[in-house]
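Peer 1: Residue numbers (my numbering): 350 to 565.
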Amino acid sequence: MYTTQPHQAPAPSRIPVARMLAVTLMTRDELLDLFRRSGALLEGHFRLSSGLHSSGFLQCALVLQTPSTAETLGRAVADKLRGLRPTVVLSPALGGLIIGHEVGRALGVRAIFAERQDGILTLRRGFSLSETDRTVVIEDVVTTGGSTRETMQVAIAAGAQVVGAGAVVDRSGGRADLGVPFHALFDIDLPTYEPSACPLCAKGLAVVKPGSRPTA
Ligand SMILES: [Zn+2]
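1. Could you pull out every unbroken beta strand (DSSP E) segment of at least 3 residues lying fully inside the region 473-542, listed in chain order?
2. In the DSSP assignment, find the unbroken alpha helix (DSSP H) run with glycine 453 in it and report its ends.
3. Is any non-hydrogen atom of ligand 1 found closer than 7 Å to the C-beta of leucine 381, if you look at the structure I gave you?
4. Could you tell me which residues DSSP puts in a beta bridge with alanine 463?
5. Cβ of proline 559 versus every heavy atom of ligand 1: is any distance shorter than 7 Å?
6. Tell me whether valine 557 sits in a helix, a strand or coil according to DSSP, three-state version.
7. What is the residue span of the alpha helix (DSSP H) that glycine 423 lies within?
8. Run through DSSP, which three-state label would arginine 377 get?
9. Express the C-alpha separation of serine 399 and leucine 335 in angstroms, rounding to a whole number.
10. Verify the contact flag: proline 540, CB atom, against every heavy atom of ligand 1, threshold strictly below 7 Å.
11. State the Cα-Cα distance for the pair threonine 484 and isoleucine 537, rounded to the nearest angstrom.
12. Given that a residue counts as buried once 16 or more other Cβ atoms are within 10 Å of its Cβ, and exposed if not, what is leucine 413?
Given below as structure tokens:
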């Protein structure tokens, strides 16, 4: 007779690949590696659109362009927020759209977005919130927290409660004071410098514009 071994751990091959990815992506080093491999995190010497120089450049859209990866990251962000019992995800367009949608999928709640009209962040397209809604604001990257706070105000103006905020990356250095619980999958410090005070320039390293290819 065939005997079962109920206490034996399932063979690794029986664990769905997506679930394994979710588990293995939980360390900071592996998240950083994922960002580097997708080109979402560049390290070197960059001239940013602001004119400032930096040793790093982050473009979260490049890691989110792979839907299965976006889904995995969304599930990981959702796991950090589930205890807040959110009923809706609100994201600012455009950067927050994809990750917000994936967090909404993982939480099993609506994912709506706010966009600018005449410079004012607002709900359009018939999106609405009610006073019973427990909103989480989701972004790809939080830098100063300004965009997140502005999106929180959209929910509050609509009469909803904001119970938390989440992001894939926190590059605020812990300075994004949002007044609600905030969870990111990892933090990264990418200091910026005035060109005249840039230590990389001082070392004589060539500066490049992120995403540009060397031209003749
Ligand atoms: Zn420089």
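C-beta atoms are modelled at their ideal positions from N, C-alpha and C, and glycine is treated no differently.
Peer 2: Answer, in terms of the structure:
1. 483-491, 510-519 and 531-536
2. By one-based count along the sequence shown, residue 453 stands at place 104. Residues 446-456.
3. In the sequence shown, residue 381 corresponds to position 32, counting from 1. Not so, every heavy atom of ligand 1 lies at least 7 Å from the Cβ.
4. For the purposes of this step, residue 463 is identified with residue 114 of the sequence shown, where counting begins at 1. Answer is Pro441 and Leu472, bridged to alanine 463.
5. As a working note, residue 559 is residue 210 in the sequence shown. Answer for proline 559: no, Cβ out of range of ligand 1.
6. In the sequence shown, the residue the question calls residue 557 occupies position 208. If DSSP states are grouped into helix, strand and coil, valine 557 belongs with the strands.
7. The residue you call residue 423 lines up with position 74 of the sequence shown. Where glycine 423 is concerned, the enclosing alpha helix (DSSP H) stretches over 416-430.
8. Taking the first residue of the sequence shown as 1, we reach residue 377 at position 28. Helix, per DSSP.
9. Because residue 335 is not part of the residues shown, which for the chain are 350 to 565, the question remains open.
10. Counted from its first residue, the sequence shown places residue 540 at position 191. Outside the cutoff, so no.
11. Residue numbering aside, residue 484 sits at position 135 when the sequence shown is read from its first letter. Residue numbering aside, residue 537 sits at position 188 when the sequence shown is read from its first letter. Their backbone Cα atoms lie some 26 Å apart in a straight line.
12. Working through the sequence shown from its first residue, we reach residue 413 at position 64. That one is buried.
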